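One structure is given here, and the rest of the page talks about it.
Numbering (my numbering), first residue to last: 1088 to 1242.
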């Protein structure tokens, strides 16, 4: 059973390892390796940010399995973007779907004014395309460079 919790500093190393995974990097805008120092700085600031919500999926026996991140623009609490990353060992097992579904439910509780969640997905990221479409995210537009925008209305 996977439970979703608010991220804390104890999750930093797992998230860093997942972020630097070769297959993960292929799906990010920035595909460069991130140093541990840079990641620690980013993660610490992210935990304190009032416009960012980080949730980690944890399995009782396997530990942390993935992260979902919601980012709001400053002073715009109705719209946010979402990003998800699953541990390489947990991919293809439905973990991403559970983390995303549970993350959206927690977001509704923690940020009840949220009206729309947007996802930027690379057109070659077939797993993410399938996942987001299966949850009702709809194609909005091409952002260029093989990146497409999808959105999910929460009302």
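Backbone N, C-alpha and C fix where the C-beta goes; we use that ideal spot for every residue, glycine too. These numbers come from a predicted model, not from an experiment.
Endpoints, the alpha helix (DSSP H) within which residue i is located
{"i": "residue 1214", "result": "1213-1221"}
{"i": "residue 1115", "result": "Residue 1115 -> no alpha helix (DSSP H), and no H or E assigned at all."}
{"i": "residue 1189", "result": "1182-1197"}
Cutoff 6 angstroms; reference residue i; Cβ partners in own chain excluding five residues on either side
{"i": "residue 1169", "result": "1157, 1204 and 1206"}
{"i": "residue 1198", "result": "none"}
For residue i, the residue or residues it bridges with in DSSP
{"i": "residue 1245", "result": "Nothing can be reported for residue 1245: it is not among the residues displayed for the chain, which extend from 1088 to 1242."}
{"i": "residue 1088", "result": "Paired residue(s): none; residue 1088 is not in a bridge."}
{"i": "residue 1108", "result": "Answer is none; residue 1108 lacks a bridge partner."}
{"i": "residue 1234", "result": "1209 and 1231"}
{"i": "residue 1139", "result": "1158"}
Cβ-Cβ separation, residue j to residue i (assumed contact under 8 angstroms), whole Å
{"i": "residue 1151", "j": "residue 1101", "result": "4 angstroms"}
{"i": "residue 1111", "j": "residue 1103", "result": "With a Cβ gap of about 11 angstroms, residue 1111 and residue 1103 do not count as contacting."}
{"i": "residue 1176", "j": "residue 1153", "result": "With a Cβ gap of about 10 angstroms, residue 1176 and residue 1153 do not count as contacting."}
Residue i: first and last residue of the uninterrupted beta strand (DSSP E) it sits in
{"i": "residue 1125", "result": "Residue 1125 -> not in any beta strand (DSSP E); alpha helix (DSSP H) instead, spanning 1123-1135."}
{"i": "residue 1096", "result": "Careful: residue 1096 lies outside any beta strand (DSSP E) and carries neither H nor E."}
{"i": "residue 1162", "result": "Residue 1162 -> no beta strand (DSSP E), and no H or E assigned at all."}
{"i": "residue 1227", "result": "1225-1231"}
Cβ-based neighbour list, residue i, same chain, cut-off 8 angstroms, excluding 5 preceding and 5 following
{"i": "residue 1186", "result": "1089, 1091, 1142, 1144, 1152, 1153, 1154, 1155, 1171 and 1173"}
Would you call the segment 1211-1225 and the segment 1090-1101 in contact, with 3 or more CB pairs under 8 angstroms?
Result no; under three Cβ-Cβ pairs closer than 8 angstroms.
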